[in-house]
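Chains as they are written, first to last, in this note's numbering: chain A, 1307 to 1633; chain B, 1307 to 1633.
From the three backbone atoms N, C-alpha and C, an ideal C-beta is built for every residue, glycine too.
Nothing here was measured: the structure is a model prediction, and the numbers come from that model.
Right under this line is the structure:
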């Protein structure tokens, strides 16, 4: 795209009303100018979604826009930060009006839902990819981190696991006897709900969390490694949706265990907290409408074990899912 | 890339020593945690470079790394901000060790040169593109903006114009009688020097600036539009390098006027300031080793005119260079 096209394109599709008082100068100059809050820290995350890698090529522009923001919101949630400012670097093969209009409308809606303002960006010509950087605010010392798990702490997850991975598999299956299965799982794949409100309050009871974007075992593995401890999770306690259960009845060609343990793209949170705070955490989950499940404990070992349905502890490789075999 | 590859890749190539005290938590958690300075505003810019669009496919990893940071540093310079934090979203077809090592070494070196810390990023698999977001600090009210040019102000540029555009043309010419021409122009293309130090001090004398990334006429046009005024520039006063002059002697196939007026990628600054401050600005330019040239004036018209070598005023379309014809 030439400077011309880019300039008018930004004006047409990505100049939204200014709503935040801390944005002194938004889209349209060499830089945005921002007034950071006094006495708070900034939490910053950046994520790129590449067409054909992070979403199927036929994903709708509205879903792509939603997800490109949701994955970064989930990172802010994992630190318990309050979302504030976004930038959008959009690379696309051509400037298709309908595509841009749908993308822009959905992106704007999501920004509004979370009180986030688009402060800047870049539009370039090339294979479709979307990079969103989000900045949030958090009180000093209050962020949930990966390196604060302690032996004896309990491990929790929000929501259900495996639905997004199942949704990806179901995209190409068109003869399911129960259409609600595909609908629910594809929705989880395309429209994951970041746990933003729950997480900000959860930080009162929990100092350790991560978002499950690479799969439970890999992401919990990051916590164990950063905190220098081990852990065990109970396979039978992993939270499973109705759609996931129904799919197991109809379709036996999938590795459901792997989806639960290692399926990426769920964007739920894995939290580690002292048992003393369990009651408060569950009360908060209920009041914010979030399913929270106790799935295991941190222990003094040096690895992660999955306690299978037969009660046996199986050590798993937390560095990735390639090494899993089906149960 | 799987989470595995990505995690070890970030650790191996993009975990640099922490140097800034305002970085509470750098690369390696869901978000970076930053302590913004009290009583300053943040200036934020993001730029994407796409292989084959923003740089030729055979550009060296070291040059790509340098430029991906330089273009954003130039945006900070245009606002007079002090560079502080960077994120890097790197999309690449595969994780080639040699490529990554060279890219990482060069990126690290540039960060160090400007006192910037890499605080986070994302590595993904896909066609090569690099998105860098930079955050800098600036005192409230001190930023140089696009919308503050006033009738009677003078227009200045730093450095030489057109060298980067000429460099791009010369890449495929191998039989130049004077090799210093190509060397100088390709260096300007691949290693533009952002005017970071000069700009921070220039803000004492100048409230209006833009970086010339899309070409002088288009970028000065942004200033005129944002400020609601017109302007004129004197073609004969446009600063031209020795290499550019020599090239005009040897190679007559290029549109040199267009390169000067509309060649992108120079990453010099165009500044607009009151004539009262000219002496101070020139003294600053000299003390910081930056060439500064007075090239025109802001006037009460509604367009930009180029006064050609015959002394005639030619109104030019500031929305893009497609409309220029050679003189």
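Residue 1505 of chain A is positioned such that its CB atom lies no closer than 8 Å to that of residue 1417 of chain A. About 17 Å separates the Cβ atoms of residue 1613 of chain A and residue 1562 of chain A, ruling out a contact at the 8 Å cut-off. For residue 1573 of chain A, the three-state secondary structure derived from DSSP is coil.
A Cβ of chain A is located within less than 8 Å of the beta carbon of residue 1435 of chain B. Shown here, residue 1330 of chain B sits in a strand according to DSSP, grouped into three states.
The beta carbon of residue 1468 of chain B lies closer than 6 Å to those of 1550, 1565, 1566, 1569 in the same chain, with the five residues before and after it left out. From the listed residues B/1461, B/1536, B/1454, the smallest Cα separation to residue 1518 of chain B is found for B/1461. Residue pairing by DSSP places residue 1348 of chain B opposite A/1340, B/1443 in a beta bridge.
Assignment of residue 1511 of chain B by DSSP, reduced to helix, strand and coil, places it in the coil class. Residue 1619 of chain A and residue 1537 of chain A have their C-alpha atoms some 11 Å from each other. A Cβ-Cβ separation of about 13 Å leaves residue 1498 of chain B out of contact with residue 1420 of chain B under the 8 Å criterion. No Cβ-Cβ contact shorter than 8 Å links residue 1384 of chain A with residue 1412 of chain A.
For residue 1342 of chain A, the nearest beta carbon of chain B is closer than 8 Å to its own beta carbon. Here residue 1621 of chain B is exposed. Its C-beta has fewer than 16 other C-beta atoms within 10 Å. Residue 1523 of chain B has a beta carbon lying at 8 Å or more from every beta carbon in chain A. Distance check between residue 1405 of chain B and each of B/1422, B/1434, B/1344 places B/1434 closest, using alpha-carbon atoms only. The stretch 1426-1441 of chain B and the stretch 1326-1340 of chain B touch, with no fewer than 3 CB-CB distances between them shorter than 8 Å. Within the model, the alpha-carbon separation for residue 1597 of chain B versus residue 1546 of chain B is close to 11 Å.
By the neighbour-count criterion, in which 16 or more other beta carbons inside 10 Å mark a residue as buried, residue 1380 of chain B falls on the buried side. Taking the CA atoms as reference points, residue 1356 of chain A sits about 24 Å from residue 1318 of chain A.
The C-beta separation of residue 1422 of chain B from residue 1395 of chain A comes to about 18 Å, leaving the pair out of contact by the 8 Å criterion. Of the candidates A/1579, A/1500, A/1600, A/1436, A/1600 places its Cα closest to the Cα of residue 1543 of chain A.
Within the stretch 1505-1516 of chain A, contact with chain B at the beta-carbon level (separation under 9 Å) is assigned to 1515, 1516.
Spatial neighbours of residue 1476 of chain A in its own chain (CB-CB distance under 6 Å, excluding positions within 5 residues in sequence) are listed in chain order as 1488, 1491. Considered as a whole, the stretch 1551-1611 of chain B harbours 1574-1579, 1598-1605 as its complete beta strand (DSSP E) runs of no fewer than 3 residues, in chain order. In the structure shown, residue 1430 of chain B adopts extended strand secondary structure according to DSSP, grouped into three states. Around the beta carbon of residue 1388 of chain A, a 10 Å sphere encloses 16 or more other beta carbons of the protein chains shown; the residue is thus reported as buried. Looking only at A/1347, A/1373, A/1339, A/1553, the smallest Cα-Cα distance to residue 1495 of chain A is reached by A/1373. Within 10 angstroms of the beta-carbon of residue 1610 of chain A lie 16 or more other beta-carbons, which makes it buried. Residue 1540 of chain A carries a strand assignment under DSSP once its states are collapsed to helix, strand and coil.
Bridge partners of residue 1395 of chain B according to DSSP: B/1428, B/1437. Under DSSP, residue 1389 of chain A shares a beta bridge with A/1442. Here residue 1581 of chain A is actually not in contact with residue 1386 of chain A; their C-beta atoms are around 20 Å apart, not less than 8 Å. Excluding its 5 nearest sequence neighbours in each direction, residue 1483 of chain A has C-beta neighbours in its own chain below 7 Å: 1556, listed in chain order. Taking all protein chains shown into account, residue 1481 of chain B has fewer than 16 neighbouring C-beta atoms within 10 Å of its C-beta and is therefore exposed.
Among the bridge pairs identified by DSSP, residue 1409 of chain B is matched with none.
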